[in-house]
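S.K.:
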Amino acid sequence: MKNRKKVLIIYTGGTIGMKKTDKGYAPVSGFFKEALSRIDDLARDDVPLWELYEMSPLLDSSDMTVSEWNSIAEVIYNSYSDYDGFVVLHGTDTMAYTASALSFILDGLDKPVVLTGSQIPLSEVRSDGRDNLITSLIIAGDGVVGEVCLYFSGKLLRGNRATKMSADDLVAFDSPNYPHLADVGITIKYNYSAIAEGSDGGISLKPLSNVPIGVLKVFPGIQFSLFESIMTDKLSGIVLETFGAGNIPGGGGELIPIIKRAFSCGSVVAVCSQCPSGTVSLGAYETSSALKGAGAVSGADMTTEAAVAKLYYLFSIGIDKSEIKERMEQNLRGELTLI
Ligand code: ASP
Numbered sequence: 000m001k002n003r004k005k006v007l008i009i010y011t012g013g014t015i016g017m018k019k020t021d022k023g024y025a026p027v028s029g030f031f032k033e034a035l036s037r038i039d040d041l042a043r044d045d046v047p048l049w050e051l052y053e054m055s056p057l058l059d060s061s062d063m064t065v066s067e068w069n070s071i072a073e074v075i076y077n078s079y080s081d082y083d084g085f086v087v088l089h090g091t092d093t094m095a096y097t098a099s100a101l102s103f104i105l106d107g108l109d110k111p112v113v114l115t116g117s118q119i120p121l122s123e124v125r126s127d128g129r130d131n132l133i134t135s136l137i138i139a140g141d142g143v144v145g146e147v148c149l150y151f152s153g154k155l156l157r158g159n160r161a162t163k164m165s166a167d168d169l170v171a172f173d174s175p176n177y178p179h180l181a182d183v184g185i186t187i188k189y190n191y192s193a194i195a196e197g198s199d200g201g202i203s204l205k206p207l208s209n210v211p212i213g214v215l216k217v218f219p220g221i222q223f224s225l226f227e228s229i230m231t232d233k234l235s236g237i238v239l240e241t242f243g244a245g246n247i248p249g250g251g252g253e254l255i256p257i258i259k260r261a262f263s264c265g266s267v268v269a270v271c272s273q274c275p276s277g278t279v280s281l282g283a284y285e286t287s288s289a290l291k292g293a294g295a296v297s298g299a300d301m302t303t304e305a306a307v308a309k310l311y312y313l314f315s316i317g318i319d320k321s322e323i324k325e326r327m328e329q330n331l332r333g334e335l336t337l338i
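The numbers in numbering that gives the first Met the number 0 rise by one with no breaks, and the one at position 183 of the sequence shown is 182.
#1: Does DSSP classify L254 as helix, strand or coil?
#2: Among all the DSSP beta bridges, which residues are the ones paired with V183?
#3: Consider the C-beta atom of T91 and the heavy atoms of the ligand ASP; say whether any pair is separated by less than 8 Å.
#4: Use the C-beta contact count for G252: other C-beta atoms within 10 angstroms, 16 or more gives buried, fewer gives exposed.
#5: Taking the continuous alpha helix (DSSP H) assigned at T241, which residues delimit it?
#6: Among Y76, L239, G128, which has the Cα closest to the Cα of L101?
#7: Within its chain, find whatever has a CB closer than 8 Å to the CB of A171; leave out the 5 residues flanking it on each side and keep chain order.
#8: Do the region 177-188 and the region 218-231 touch if we need at least three Cβ pairs shorter than 8 Å?
#9: Any chance the CB of G13 is under 8 Å from a heavy atom of the ligand ASP?
#10: Could you tell me the distance, in whole angstroms, from the CA atom of Y52 to the CA atom of I9?
#11: With distances taken from CA atoms, which of K5, A161, G13 is nearest G140?
#12: Does the beta-carbon of K154 have 16 or more other beta-carbons within 10 angstroms, so that it is buried, or is it exposed?
#13: Which term fits K309, buried or exposed, when burial requires 16 or more other beta carbons within 10 angstroms of its beta carbon?
#14: Say the cut is 8 Å; is the CB of F61 nearer than that to a heavy atom of the ligand ASP?
#15: Would you say E50 touches the ligand PLP, meaning its beta carbon is less than 8 Å from a heavy atom?
#16: Suppose contacts are defined by Cβ-Cβ distances below 9 Å. Is L121 in contact with L132 by that definition?
#17: Please confirm whether any heavy atom of the ligand ASP lies closer than 8 Å to the CB of G158.
#18: As a quick exercise: from G236, E67, L35, pick the residue whose alpha carbon is nearest that of E123.
#19: Cβ atoms of L114 and F31: under 9 Å apart, would you say?
#20: Within the chosen definition, does the region 276-285 reach the region 199-219 through at least 3 CB pairs nearer than 8 Å?
#21: Quick check on K5: does DSSP put it in helix, strand or coil?
#22: With contact counted as at least three CB pairs below 8 Å, one residue from each stretch, are the region 266-275 and the region 308-324 in contact?
#23: Under 8 Å Cβ to Cβ from G184, same chain only, skipping five residues before and after it: list those, please.
#24: Could you check whether G116 and T14 sit closer than 9 Å to each other, using their CB atoms as the reference points?
#25: Report the CB separation of G158 from S70 in whole angstroms; it is logged as a contact under 8 Å.
#26: Could you name the residues of the same chain whose beta carbon sits closer than 6 Å to that of A195, not counting the 5 residues immediately before and after it, in chain order?
#27: Helix, strand or coil for D106, going by three-state DSSP, please let me know.
#28: Start and end of the beta strand (DSSP E) containing I212?
#29: So, is A42 buried or exposed, given that buried needs 16 or more other C-beta atoms within 10 angstroms?
#30: To the nearest angstrom, how far is it from the Cα of I187 to the Cα of D319?
#31: How far does the beta strand (DSSP E) with E196 in it reach, from first residue to last?
#32: Spell out the partners DSSP gives A269 in its beta bridges.
#33: How many Å lie between K233 and A181 at the Cα?
#34: The ligand ASP and L58: does any heavy atom of the ligand fall closer than 8 Å to the residue's C-beta?
#35: Strictly by DSSP, which residues pair up with P26?
#36: Between which residues of its own chain and L204 is the CB-CB distance below 8 Å, once the five residues before and five after are set aside?
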């Protein structure tokens, strides 16, 4: 008889396990366990053996914070040697943020950590949760991928490259700047050349501190002066979501002095693009050259989710701002493409 792999399912909340209440869908303790008990296929011997760990409190993922990211990572770390892989069931709204954060917190990972969820609760007849859960369990048991990834509707994506693309399609996620780690149809076709090599140095935990991070999306007519006080005094890390390849309105006339002051106060500004696909290239246009000169760093082709998580991480590991700046532009966990 085949030696069945063992997977820990960590249920954090999210639509997949939600119950319909008078006020709309909400996570209710114990409800998801009951929904699982009605799926006979979860006991088949071609599905890994699994155990369920329910986080408390269960959350709609819009309520996730750094503290929950650390708690999920701790559960994985504390039971790491007892399981072959992990499935984290999570709401879709901030799943890409949590996937990015876990990729930084879980240093030296060499087992699959697969985040998934659903757009329709498991308890409903048309739920997409059944396939997302069963396929994630199989991927977690396969052990091919030794990194944090996100499985949704036939696509296995690198966690810190994934982004939620649709509020209502069942195919809700993609990773526009990185190939899929696997495409799932009749079989699971792993894309071996895109999968990171698992670490062999052992896992360690790098918990995040709740440092003040901000995201500022530029738009035509933006009055940067309105944001000056928070950018210079209050925020440690700022993700600036710019147009296209890193362009800002007004040639930076108003923004550049603010970035310079923010940098001298200890803040790091990372420049990402509002376009889901493609890369920031500071200096490609006159409107972006000045950003670099002022001390901003290029977020290259990172998602905003990855850039936010990376700022939390770098500000949590006790390095100074010039090293944070340097590492923001390096590829630490497969989150950006070096050109
Ligand atoms: N609001 C839900 C959540 O993110 C949406 C979902 O799970 O799809 O928790």
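Cβ coordinates follow ideal geometry from the N, Cα and C atoms, glycine included.
M.R.: The structure says:
#1: Indexing the sequence shown from 1 puts residue 254 at position 255. L254 falls in the helix class under three-state DSSP.
#2: Locating residue 183 in the sequence shown gives position 184, counting from the first residue. V183 pairs with I187.
#3: Walking along the sequence shown from the start, residue 91 turns up at place 92. Yes, Cβ of T91 sits closer than 8 Å to a heavy atom of the ligand ASP.
#4: Within the sequence shown, the letter at position 253 stands for residue 252. Its Cβ having fewer than 16 others within 10 Å, G252 is exposed.
#5: The sequence position of residue 241 within the sequence shown is 242, counting from 1. Where T241 is concerned, there is no enclosing alpha helix (DSSP H), although the beta strand (DSSP E) it sits in stretches over 236-241.
#6: Residue 101 sits at position 102 when you count from the first residue of the sequence shown. Per the Cα distances, Y76.
#7: Position 172 of the sequence shown holds residue 171. Excluding positions up to five away in sequence, the list reads T91, Q118, F151, S152, K163, M164, S165.
#8: no
#9: If you number the sequence shown from 1, residue 13 lands on position 14. Yes, the beta carbon of G13 sits closer than 8 Å to at least one heavy atom of the ligand ASP.
#10: Here residue 52 refers to the residue found at position 53 when the sequence shown is read from its first residue. Here residue 9 refers to the residue found at position 10 when the sequence shown is read from its first residue. Using only the alpha carbons, I get a separation of about 5 Å.
#11: Walking along the sequence shown from the start, residue 140 turns up at place 141. Of the listed residues, the one whose Cα sits closest to G140 is K5.
#12: Within the sequence shown, residue 154 is the residue found at index 155, counting from 1. With 16 or more other Cβ atoms within 10 Å, it is buried.
#13: Position 310 of the sequence shown, counting from 1, holds the residue named residue 309. K309 is buried by the Cβ-count criterion.
#14: Mapped onto the sequence shown, residue 61 falls at position 62. It is worth fixing the name first, because residue 61 is Ser in this sequence and not Phe. Yes.
#15: The ligand PLP is not among the ligands present in this structure, which contains only the ligand ASP.
#16: By one-based count along the sequence shown, residue 121 stands at place 122. By one-based count along the sequence shown, residue 132 stands at place 133. Against a cut-off of 9 Å, the Cβ pair of L132 and L121 comes out as a contact.
#17: Residue numbering aside, residue 158 sits at position 159 when the sequence shown is read from its first letter. G158 Cβ: outside cutoff for every heavy atom of the ligand ASP.
#18: By 1-based counting over the sequence shown, the position of residue 123 is 124. The shortest C-alpha separation from E123 is found at L35.
#19: Along the sequence shown, one-based indexing puts residue 31 at 32. Along the sequence shown, one-based indexing puts residue 114 at 115. Result no, Cβ atoms of F31 and L114 do not sit closer than 9 Å.
#20: no
#21: Position 6 of the sequence shown, counted from the first residue, corresponds to residue 5. DSSP places K5 in strand when its eight states are reduced to three.
#22: yes
#23: Position 185 of the sequence shown holds residue 184. G153, listed in sequence order.
#24: Locating residue 14 in the sequence shown gives position 15, where the first residue counts as 1. Locating residue 116 in the sequence shown gives position 117, where the first residue counts as 1. Going by C-beta atoms, T14 is nearer than 9 Å to G116.
#25: Position 159 of the sequence shown, counted from the start, is the residue given in the question as residue 158. Position 71 of the sequence shown, counted from the start, is the residue given in the question as residue 70. Not confirmed; about 17 Å, so no contact.
#26: If you number the sequence shown from 1, residue 195 lands on position 196. Same-chain partners within the cutoff: E146, G333.
#27: Counting from one through the sequence shown, the residue named residue 106 turns up at place 107. Reduced to three states, the DSSP call for D106 is strand.
#28: Counting from 1 along the sequence shown, the entry for residue 212 is found at position 213. Residues 212-216.
#29: Start at 1 with the first residue of the sequence shown, and residue 42 comes out as number 43. Label assigned to A42: exposed.
#30: As a first step, residue 187 must be located in the sequence shown, where it is residue number 188. As a first step, residue 319 must be located in the sequence shown, where it is residue number 320. Using only the alpha carbons, I get a separation of about 43 Å.
#31: What you label residue 196 is simply residue 197 of the sequence shown in a count that begins at 1. Counting along the chain, E196 falls outside any beta strand (DSSP E), and DSSP gives it neither H nor E.
#32: Translated into the one-based positions of the sequence shown, residue 269 becomes position 270. Its beta-bridge partners are V238, V296.
#33: For the purposes of this step, residue 233 is taken as residue 234 along the sequence shown, with counting starting at 1. For the purposes of this step, residue 181 is taken as residue 182 along the sequence shown, with counting starting at 1. Computed Cα separation, rounded: 41 Å.
#34: The count along the sequence shown starts at 1 and reaches residue 58 at position 59. Yes.
#35: Residue numbering aside, residue 26 sits at position 27 when the sequence shown is read from its first letter. P26 pairs with M17.
#36: Looking up residue 204 in the sequence shown gives position 205. Closer than 8 Å at Cβ, skipping near neighbours: A72, E73, Y76, I104, L105, D106.
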